[in-house]
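In this note's numbering, the protein residues as written are 1401 to 1638.
We treat Cβ as the ideally placed atom computed from N, Cα and C, and that holds for glycine.
Since the model is a prediction, treat every value here as computed from it, not as a measurement.
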Ligand SMILES: Cc1cc2nc3c(=O)[nH]c(=O)nc-3n(C[C@H](O)[C@H](O)[C@H](O)COP(=O)(O)OP(=O)(O)OC[C@H]3O[C@@H](n4cnc5c(N)ncnc54)[C@H](O)[C@@H]3O)c2cc1C
């Protein structure tokens, strides 16, 4: 029986979350995601399931040999709340479909800003990355300063709205990378594996890595257990 993951919501970062809002094949059909992939591949011979052992073997063969189109028959649609820094990187993945909350329609609220759990240090070997963290005293001081910065920015935002300025312009006073946005994001399993390989990697920024890891652990693995096993064997390890 296929576990119904639709409606499951996972909290992430300080105020973010990830929720599966739809999936293909829909669990109500009783067809598992892995079987949908196998059935798509077997259309070449106008056949379907031949039992678990042969089906799993075929799925592993497909991924090992990069016969990727059957994996595009499975789709995940998420609603996601994440800071802009996460979206900035996520949206580079051109094969996802997105719809985003608009700061032109919806006013931002006072707690719509990301506060990192710790301040990570600049990595010595990778100019893009971070490693370790600053000492506890510096950590607390920087967080205090960030909160004061948010408060001041939000006060200016509200003042600007009260002055009759449009939402699309008042937001110029808000911090850029830390504002939380809600998006709907849809992708097929083939392209999701590509995203997961890049964004679960150690060199991906923490603020997107936690979303990629949650997609994998909480949704991809339970929805597609055979595909996840093959993905770890043939794509993650390569
Ligand atoms: C750790 C890390 C650091 C990064 N740093 C930077 C950076 O400093 N600056 C920066 O600009 N970006 C950066 N990126 C983004 C990166 O360059 C890619 O844009 C992003 O990872 C999306 O990868 P992609 O194009 O393979 O994926 P997708 O856009 O999801 O595309 C999937 C695949 O489809 C194919 N494809 C899609 N569209 C086309 C097309 N138009 N033409 C040909 N093939 C296509 C390609 O095979 C591609 O691999 C970084 C990414 C990572 C993971």
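According to DSSP, simplified to helix, strand and coil, what is residue 1473?
helix
On a CA-only basis, which of 1403, 1560, 1502 is nearest residue 1425? Give me that one, please.
1403
Taking the CB atoms as reference points, tell me whether residue 1501 and residue 1583 lie closer together than 8 Å.
yes
Note down, in chain order, each residue of its chain lying with its Cβ closer than 6 Å to the Cβ of residue 1610, except the 5 sequence neighbours on either side.
1412
Would you check if the distance between the CB atom of residue 1471 and the CB atom of residue 1589 is smaller than 8 Å?
yes
For ligand 1, which residues have a Cβ under 7 Å from at least one heavy atom, in chain order?
1489, 1492, 1493, 1494, 1495, 1496, 1528, 1591, 1594, 1595, 1598, 1599, 1601, 1603, 1604
Own chain partners of residue 1626 with C-beta closer than 6 Å, once the 5 adjacent residues on each side are dropped
1434, 1456, 1459
Is it true that the region 1530 to 1549 meets the region 1503 to 1520, where meeting means three or more beta-carbon pairs spaced less than 8 Å apart?
yes
Any chance the region 1586 to 1601 sits against the region 1478 to 1496, with 3 or more Cβ pairs inside 8 Å?
yes
Ordered list of beta strand (DSSP E) runs contained in the region 1407 to 1447, each at least 3 residues
1409 to 1412, 1416 to 1424
Please state whether the Cβ-Cβ distance between residue 1559 and residue 1483 is less than 8 Å.
no
Taking residue 1618 as the reference, give the member of 1633, 1605, 1478 with the closest Cα.
1478
Return helix, strand or coil for residue 1575, following the three-state DSSP convention.
coil
Residue 1530 - DSSP class collapsed to helix/strand/coil:
strand
Applying the 10 Å Cβ sphere with the 16-neighbour rule, what's the burial state of residue 1631?
buried
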